[in-house]
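Chemist: Just dropping this structure here.
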């Protein structure tokens with residue numbers, strides 16, 4: 001029984017991971033963009 005649950009969990013996790021990696025890479029690029037803009041604004045103020 002536990003083996004079946006494990007297999008289902010692994011399937012679920014691998015599917016979520018595949019989607020999550022795409023989301024993560026997008027949000028990382030987005031986050032770096034925001035940080036870069038923030039740094040530019042700080043530099044222009046000083």
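Residue numbers (the UniProt record's numbering): 1 to 46. Don't be surprised by glycine CBs; every beta carbon is placed ideally from N, CA and C.
1) For the ligand MN, is there a heavy atom less than 7 Å away from the beta-carbon of residue 33?
2) Can you look up residue 46 in the DSSP assignment and give me helix, strand or coil?
3) At the level of alpha carbons, what is the spacing between residue 33 and residue 3?
Modeler: According to the data block:
1) For the structure depicted, the ligand MN is absent and the ligand set is empty, with no information on it obtainable.
2) To locate residue 46, count along the chain shown from 1; it is residue 46. Correct three-state label for residue 46: coil.
3) Taking the first residue of the chain shown as position 1, residue 33 is located at position 33. Taking the first residue of the chain shown as position 1, residue 3 is located at position 3. Going by the C-alpha atoms only, they are around 44 Å apart.
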